[in-house]
Amino acid sequence: MTVTISPETESLLREQAGRMGQDADVLADTLPQQALAEAARDFEESCTAIAEALAGDPAHDIPLEQYQARFEAEREAWRRKPETA
């Protein structure tokens, strides 16, 4: 199955990936090592889900608007996640 991504969608995904990278930098500066490792695993899982969606995997094939809403909700949850010692 071939998936065609519009220029707008590609731009949005690149922008969100940039934000995720910035968030990862902030986390790296503020979280203890164990929490950082956990955040890295979660980040990798998110990236895998995005890649599978772009590849047309039916298990992750969701409308862009739903993806955007979920992305923003997860991003806010990470920002509000309490630091663990």
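Whatever position you read off the sequence shown (first residue = 1), add 11 for my numbering. Beta carbons: idealized from backbone N, C-alpha and C, even for Gly.
query	result
Option nearest residue 86 by Cα separation, candidates 16, 33, 18	33
Euclidean distance between Cα positions of residue 18 and residue 62	17 Å
Alpha-carbon spacing of residue 89 relative to residue 26, whole angstroms	18 Å
For residue 18, three-class secondary structure by DSSP	helix
Nearest neighbour of residue 92, chosen from 28, 40, 46 [CA to CA]	46
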